[in-house]
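J.: Have a look at the structure that comes next, please.
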Amino acid sequence: MPKAYTSSLSRAQFELIEPLLPKAKSGGRPRSVDLFIVLNAILYVVVQGCKWRDIPGDLLPWSTYSR
Numbered sequence: 000m001p002k003a004y005t006s007s008l009s010r011a012q013f014e015l016i017e018p019l020l021p022k023a024k025s026g027g028r029p030r031s032v033d034l035f036i037v038l039n040a041i042l043y044v045v046v047q048g049c050k051w052r053d054i055p056g057d058l059l060p061w062s063t064y065s066r
């Protein structure tokens with residue numbers, strides 16, 4: 000579990016947003032990354048105004064979003 004940043008959502012906040020996020024397609028490969036972590040990484044970039052490469056490694060590994 001990554002540490003909390005000022006831009007991070009709590010699990011309770013994420014549970015309110017989760018029904019609005021697209022579901023994984025049936026028959027496809029299962030998701031390998033928790034959407035909670037992905038959304039927090041997106042919020043980190045937006046709030047901090049940094050580049051994707053500057054996301055802390057404990058939040059989301061570079062190999063996950065560099066595909």
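Every letter in the sequence shown is one number past the one before it in numbering that gives the first Met the number 0, and letter 25, counting from 1, is 24.
Each residue gets a CB set at the ideal place from its N, CA and C atoms; glycine is no exception.
This structure is a prediction, so every number in the text was calculated from the model and none was measured.
1) Give the single residue among Y43, L20 and S6 whose Cα lies nearest to the Cα of R34.
2) Where does I16 sit, in a helix, a strand or coil, going by DSSP?
3) Can you tell which of I16, K22, P29 and L38 has its C-alpha closest to the C-alpha of A3?
4) So is I16 buried or exposed if we call it buried at 16+ other beta carbons inside 10 Å?
5) Measuring only the C-alpha atoms, how far is K45 from R30?
T.: Quick answer:
1) Looking at the sequence itself, residue 34 is Leu, so the reference to Arg does not match. Considering only alpha carbons, the answer is L20.
2) Under the three-state reduction of DSSP output, I16 falls in the helix class.
3) L38
4) exposed
5) Checking the displayed sequence, the identity of residue 45 turns out to be Val instead of Lys. Whole-angstrom Cα-Cα distance: 23 Å.
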